[in-house]
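Data block below; observations after.
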Amino acid sequence: MPTSAGVEACLPIRSDMDLVWVRQHVRQAASLLGFGLVEQTKLVTAASELARNTLVHGGGGRMDSARVTRNRAVGLQLAFCDEGPGIADLEQALSDGYTSGGGLGMGLGGARRLVHEFSLESTVGVGTTVTVVSWVSAPPRPREEF
Amino acid sequence: MGTLRLVVLDTALSEGQALIERQQLQLLEVATPVIKLWDGIVAVPLIGTLDSARSQVVMETLLEAIVEQHARFAILDITGVPTVDSLVAQHLMKTVAAARLMGAECVVSGIRPAIAQTIVHLGLDLGTVVTRASLADALAYALHELGSGIISPATGGAGPR
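For the protein sequence lines, the chains are A and B, in the order given. Residue numbering for the first sequence is 2 to 147, as defined by the numbering used here. Residue numbering for the second sequence is 11 to 171, as defined by the numbering used here.
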């Protein structure tokens, strides 16, 4: 039974180099918890997108990772927090192709499709927190879209 | 004594910073060789994280190589890239578009199964880019498009396989 050692962490997101740390940590944590290669890759990619959002749009912040359990299912929870300008229109920000930073506009919506649970809290002028959870096996996924 | 300590600390820190900067520059240089695979076919094996600085270097060296080698095909092999997110995909597509302007067709190879699934879930559209599973497939495709091919000696005659 994997424990939380090596999974729990709070990583700063201040520069491009920190994104490398975030990706490496998420890959390691996902591997420790027993995620398969595909799920590992999905999580790392989602973390990469969200961490870049934190850096580019939020002006830097941090990522908290934790091991979570529900009904004997084990999962990895990643929370990305920043104290940036916040997101005024959540629907617009989550829609594919919309970008305010010169990217492809696939980051936020794409990250939502790569994980099992996705929640976005943002207050204009205060900051944004994106929390994602993926479950190791038999994900309890009550999800509306596909 | 306190001043000396501060000076020593300051020197050590700035030396460390200089070392890191030198190593970053070294990394940029070593990480992007352009290999001539055949007449008119060049390949770039991409390894590690493809951030903005590195993808800029890749694009420059690749475009120069296309001119030098009169390349018609450029193969970008991403076997060594651990994560393909939307920024990496954007860099790849920009490189492909720039190469196309130079008259070379780009083939992206080395897309692993896990990465392929991730790209699909992420919603990235690489439909405009020719992709192949392995470098060998990409080379075979480029050779075929150039009108040459590799014939097995078993059907053609003598010679080592």
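Cβ atoms here follow ideal geometry from the backbone N, Cα and C, with glycine treated the same way.
Just to make sure I have the definition right: I need the residues of chain B whose C-beta is within less than 8 Å of the C-beta of residue i. Which are they?
i: Thr46 (chain A); result: Thr93, Val94, Asp95, Thr128 and Leu132
i: Leu115 (chain A); result: Thr128, His131 and Leu132
i: Arg53 (chain A); result: Asp95 and Leu97
Return no unless some Cβ of chain A is closer than 7 Å to the Cβ of residue i.
i: Thr138 (chain B); result: no
i: Asp61 (chain B); result: yes
Starting from residue i, find everything on chain A with Cβ-Cβ shorter than 9 Å and list it in chain order.
i: Ala99 (chain B); result: Leu105 and Met107
Return no unless some Cβ of chain B is closer than 7 Å to the Cβ of residue i.
i: Ser101 (chain A); result: no
i: Met2 (chain A); result: Confidence in Met2 (chain A) is poor, its pLDDT being 48 and thus under 50, which makes the residue's placement unreliable; the coordinate value appears in the next sentence. It does not: the Cβ of Met2 (chain A) has no partner Cβ on chain B nearer than 7 Å.
i: Val133 (chain A); result: no
i: Gly17 (chain A); result: Rather than Gly, the amino acid found at residue 17 (chain A) in this sequence is Asp. For Asp17 (chain A), the answer is yes, since a Cβ of chain B falls inside 7 Å of its Cβ.
i: Val21 (chain A); result: yes
i: Arg71 (chain A); result: no
i: Asp97 (chain A); result: yes
i: Ser120 (chain A); result: no
i: Pro13 (chain A); result: no
At 7 Å on the CB atoms, spell out the chain B contacts of residue i, in chain order.
i: Thr42 (chain A); result: Ala124, Ile125 and Thr128
i: Gly110 (chain A); result: Gly133
i: Arg24 (chain A); result: Thr93
Do residue i and residue j have their C-beta atoms within less than 7 Å of each other?
i: Leu86 (chain B); j: Val54 (chain B); result: yes
i: Gly61 (chain A); j: Arg15 (chain A); result: yes
i: Ala84 (chain B); j: Ala109 (chain B); result: yes
i: Asp83 (chain A); j: Gly59 (chain A); result: yes
i: Leu121 (chain A); j: Ala124 (chain B); result: no
i: Phe81 (chain A); j: Thr55 (chain A); result: yes
i: Leu145 (chain B); j: Ala99 (chain B); result: no
i: Ala114 (chain B); j: Ile76 (chain B); result: yes
i: Gln79 (chain B); j: Val117 (chain B); result: no
i: Ser49 (chain A); j: Asp95 (chain B); result: yes
i: His131 (chain B); j: Arg114 (chain A); result: yes
i: Ala112 (chain A); j: Leu34 (chain A); result: no
i: Arg82 (chain B); j: Ser119 (chain B); result: no
i: Glu129 (chain A); j: Ser123 (chain A); result: Position check: residue 129 (chain A) holds Thr in this sequence, whereas Glu was assumed. Going by C-beta atoms, Thr129 (chain A) is nearer than 7 Å to Ser123 (chain A).
i: Cys11 (chain A); j: Asp65 (chain A); result: yes
i: Asp61 (chain B); j: Asp17 (chain A); result: yes
Using the beta-carbon of each residue, which ones in chain B are nearer than 9 Å to residue i?
i: Val39 (chain A); result: Pro123, Ala124, Gln127 and Thr128
i: Gly76 (chain A); result: Correct list: empty, because the minimum Cβ distance to chain B is about 18 Å.
i: Glu50 (chain A); result: Asp95, Ser96, Leu97 and Leu132
Looking at C-alpha atoms only, which residue of the options is the closest neighbour of residue i?
i: Gly76 (chain A); options: A:Leu121, A:Gly35, A:Ser135 and A:Leu91; result: A:Ser135
i: Val116 (chain A); options: A:Leu79, A:Thr130 and A:Ala74; result: A:Leu79
i: Leu95 (chain A); options: A:Pro86, A:Gly110, A:Gly85 and A:Ala47; result: A:Gly110
i: Gly104 (chain A); options: B:Leu111, B:Ser119, B:Lys104 and B:Ile121; result: B:Lys104
i: Val44 (chain B); options: B:Leu73, B:Ser62, B:Gly120 and B:Leu14; result: B:Leu73
i: Gly7 (chain A); options: A:Ala30, A:Gln41 and A:Met107; result: A:Ala30
i: Ile88 (chain A); options: A:Val127, A:Ala67 and A:Ala74; result: A:Val127
Identify every run of the alpha helix (DSSP H) within the segment 90-134 of chain B, keeping only runs that are complete inside it and at least 4 residues long; order them along the chain.
-> If we require 4 residues or more, the alpha helix (DSSP H) runs fully inside the segment 90-134 of chain B come out as 96-111 and 123-132.
Within the segment 21-57 of chain B, note down every full beta strand (DSSP E) run reaching 3 residues or more, in order along the chain.
-> Given a length threshold of 3 residues, each whole run of the beta strand (DSSP E) inside the segment 21-57 of chain B is given here in chain order: 45-48 and 51-57.
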